[in-house]
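Visitor:
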Ligand code: GLA
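Residue numbers (the working numbering): 1 to 413.
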């Protein structure tokens, strides 16, 4: 048994080495899809299967009217449970009760608003909610999606074999088919980080890959013992992954729970009662630093002012969308205090000062030399939208319990 396990490990290591070699050889051939992290809205966390064409149209309208589109959110993605079945020729069709006008006319509507459309499938016979998956129908489904005008595919891994090789093989084949039919399709791998997709996702031309199980609408989720994550457990899983992200290929720590306030169908399963406004700000700040895909999932038809303000914070979105495409790394941790730093294309850094303490506010200090600053710097607060001043050796901030203050720091000219 031990021998077998050892052999399995060696096999995984071998595949990963092959992937790296392939990555070096092929890195000239990447296509130019999703050069900054995708931004949009996705249906799952709030609505699960309660989706239909009227809802999608209302969400499209709201994306425009609320200022979300202007802020950069452009993908409207329907997740699981849109499916009707397959016809006699094997062609997939949407649930006729939920989508009586068919998918093409809905996609046309979304496009007419200047938005893009995303759809969900699975690399096995069934999706996670038991709908028809794309396994064995990859060419047919890719053609159907392209005919409908789909711009983004989220492809799940439920019901697929657990081994690494099958995951790479299936995703690689499907992505190649999709790219041959529609080269600029965004392809989102969703195998929840179980087979370290950051090691092979880029090589097989995926644009993003989930790094974790589904995120719940809560600060920490371990007490519910459900296997899912809150914002903090998800954050911890991103440590060290920064070297695998870059333009066109992103680590995906799952959706933005901002504005759900405990009302999400799946987001609040197992008792997740929602977050405070400060905690939602913290997710937005951290996900911006992480160069994470920003997929909102609250009801953007009825956002309160805080939710809108958080989701459309222009200065944070600039950090997230920075063309250098670097993901923040954790540069300091001392108990509940952490510093996360993201290098930006103009030579500045966005730095998150995080206080994970449940009760106490804290003073958090950044040593500027740790970021390579030798001269005085100017620091701008991206939540308060103002310059805090000029600093020489260090910056000390008061940070509330569960707050993450974000500064943009650059050398003073
Ligand atoms: C999985 C994914 C979720 C969602 C559901 C749909 O759990 O991780 O993001 O797509 O399936 O069934």
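Ideal Cβ placement from N, Cα and C applies to all residues, glycine included.
(1) Could you say which of 38, 143, 97, 67 lies nearest to residue 55 if we only look at CA atoms?
(2) Would you mind giving the Cβ-Cβ distance between residue 340 and residue 407, rounded to the nearest angstrom? I have them listed as a contact below 8 angstroms.
(3) Can you tell me whether residue 301 is buried or exposed, with buried defined as 16 or more other CB within 10 angstroms of its CB?
(4) Please classify residue 100 as buried or exposed, where buried requires at least 16 other C-beta atoms within 10 Å of its C-beta.
(5) Whose CA, out of 290, 334, 335, 337, lies closest to the CA of residue 320?
(6) Tell me which residue opens and which closes the beta strand (DSSP E) that residue 389 is part of.
(7) Grab me the residues of residue 77's own chain with a C-beta within less than 8 angstroms of its C-beta, minus the 5 sequence neighbours each way, in chain order.
(8) If the criterion is Cβ atoms closer than 8 angstroms, does the pair residue 259 and residue 268 meet it?
(9) Assign residue 394 to one of two classes, buried (16 or more other C-beta atoms within 10 Å of its C-beta) or exposed (fewer than that).
(10) Look at the alpha carbon of residue 208 and the alpha carbon of residue 378, and state the distance between them as a whole number of angstroms.
(11) Have a look at 102, 92, 46, 114 and flag the residue whose alpha-carbon is nearest the alpha-carbon of residue 63.
(12) So the beta strand (DSSP E) residue 152 belongs to, where does it begin and stop?
(13) Leaving out the 5 sequence neighbours to the left and right, which residues in its chain are closer than 7 angstroms to residue 138 when beta-carbon positions are compared?
(14) Using beta-carbon positions only, say whether residue 50 and residue 266 come within less than 8 angstroms of one another.
(15) So, is residue 314 buried or exposed, given that buried needs 16 or more other C-beta atoms within 10 angstroms?
(16) Report the start-end ranges of each beta strand (DSSP E) in the stretch 155 to 218 that is 3 residues or longer and not cut off at the edges.
(17) For residue 29, which residues in the same chain have their Cβ closer than 6 angstroms to its Cβ, ignoring the five residues on either side in sequence?
(18) Can you grab the Cα-Cα spacing for the pair residue 344 / residue 234, in whole Å?
(19) Hey, would you say the C-beta of residue 156 is under 7 angstroms away from at least one heavy atom of the ligand GLA?
(20) What do you reckon, is the C-beta of residue 127 under 7 angstroms from a heavy atom of the ligand GLA?
(21) Is any heavy atom in the ligand GLA found nearer than 7 angstroms to the beta carbon of residue 461?
Guide: Checking against the coordinates, here is how it stands:
(1) 97
(2) That pair is no contact at about 11 angstroms.
(3) exposed
(4) exposed
(5) 290
(6) 386 to 391
(7) 40, 41, 42, 43, 117, 118, 119, 120, 152, 154, 295
(8) no
(9) exposed
(10) 34 angstroms
(11) 114
(12) 152 to 156
(13) 173, 174, 177
(14) no
(15) exposed
(16) 186 to 190, 208 to 210
(17) The predicted position of residue 29 is uncertain, since its pLDDT is 43 and thus under 50; a value taken from the coordinates is nonetheless stated next. Once the five neighbours on either side are set aside, residue 29 has no close Cβ partner at all.
(18) 23 angstroms
(19) yes
(20) yes
(21) An answer regarding residue 461 cannot be provided, because it is not within the stretch 1 to 413 covered by the chain.
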